[in-house]
Amino acid sequence: MFTKAKNIETAFRHVRAFTIVIICGSLLVAGTAVYAYLGSVTKLQNRIYILYEGKVLEATGSNRRDVLLIEAQDHIRTFHELFFRLEPDEKSNSRHLRRALYLIDDSGKEAYKNFKESNYYAGIVSNNINQKLEVDSVQVDLQQQPYHFKCFATQQIERTSSTVTRSLITEGELRKISSSENNPHGFLIQHWKTLENKDISIKNQ
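Once you know that position 132 of the sequence shown is 147 in our numbering, the rest is easy, because the numbers rise by one and skip nothing.
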């Protein structure tokens, strides 16, 4: 009888040990699965996409500050290239300017109004002038909002008789707003002004 009781006790110990092993194994598997899941979620959350020259790019391996700088610079570059790209085509100019004005506050609209009232755009069309702008560099201070910036660009004005190359330097601030189809980066330029706009060279045709 004692032998039978001892066998039952031994069997119970084996069952208990086996149950503990099964529970520990289950907890280990569950813990590994949760850890892997959380790692995947974190990796996905750190994945950022940016819009550059009309293309969606994945900014993997970059921190958010680097991506913010790229987006801010591209927003400023896009505005300047649209605002100053003019040709002897009224509809084309209106399309570029309309897109540019979504990216800036009333300071840009005031500049547009002044150009229009002085017949600058009409003169571009009537005199067959092509005006291009290439942004050389953009400096953005991300230390505090709104972000202060300076834009350095080269402007070319092509007339029938000559080509004028001008230096253009502007400054302003960037304020974060909601992104939209017309403003994909979610920035708004404000307090924009021209610091320098002078001739560098004149080449006669």
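We put the beta carbon where it would ideally sit given N, CA and C, even for glycine.
Between Leu189 and Ile172, the CB-CB gap reaches or exceeds 8 Å. Straight-line spacing of the CA atoms in Leu118 and Lys213 works out to 25 Å. Within the same chain, and ignoring the five residues on either side of Ser122 in sequence, the residues whose Cβ sits closer than 8 Å to its Cβ are Gly187, Ile204, Gln205, His206, Trp207 and Lys208. In the DSSP assignment, Arg181 falls within the unbroken beta strand (DSSP E) covering Ser177 to Lys191.
When only Cα atoms are considered, Ala51 and Gly40 end up about 17 Å apart. Here the C-alpha atom of Glu132 lies approximately 10 Å from the C-alpha atom of Glu125. Under the DSSP definition of a beta bridge, Ile119 partners with Ile204.
If you check the CB distance, Glu211 and Ser182 come in under 8 Å.
Take the alpha-carbon of Ile91 and the one of Asn108: they are about 19 Å apart. Taken atom to atom, the span from the alpha-carbon of Phe99 to that of Lys147 is near 6 Å. Ser177 is a Cβ neighbour of Ile217, given a cutoff of 8 Å. Annotated as distal: Glu96 and Val140, with beta-carbon spacing of 8 Å or more.
Under the three-state reduction of DSSP output, Glu196 falls in the coil class, being neither helix nor strand. At the C-beta level, Glu102 and Asn145 come within 8 Å of one another. Residue pairing by DSSP places Ser141 in no beta bridge whatsoever.
Judged by DSSP secondary structure, Glu86 falls within the alpha helix (DSSP H) whose first and last residues are Arg79 to Phe99. In this structure Leu112 does not touch Tyr135 by the C-beta definition: roughly 11 Å separates them, more than the 8 Å allowed. Arg80 and Glu86 have their C-alpha atoms some 10 Å from each other.
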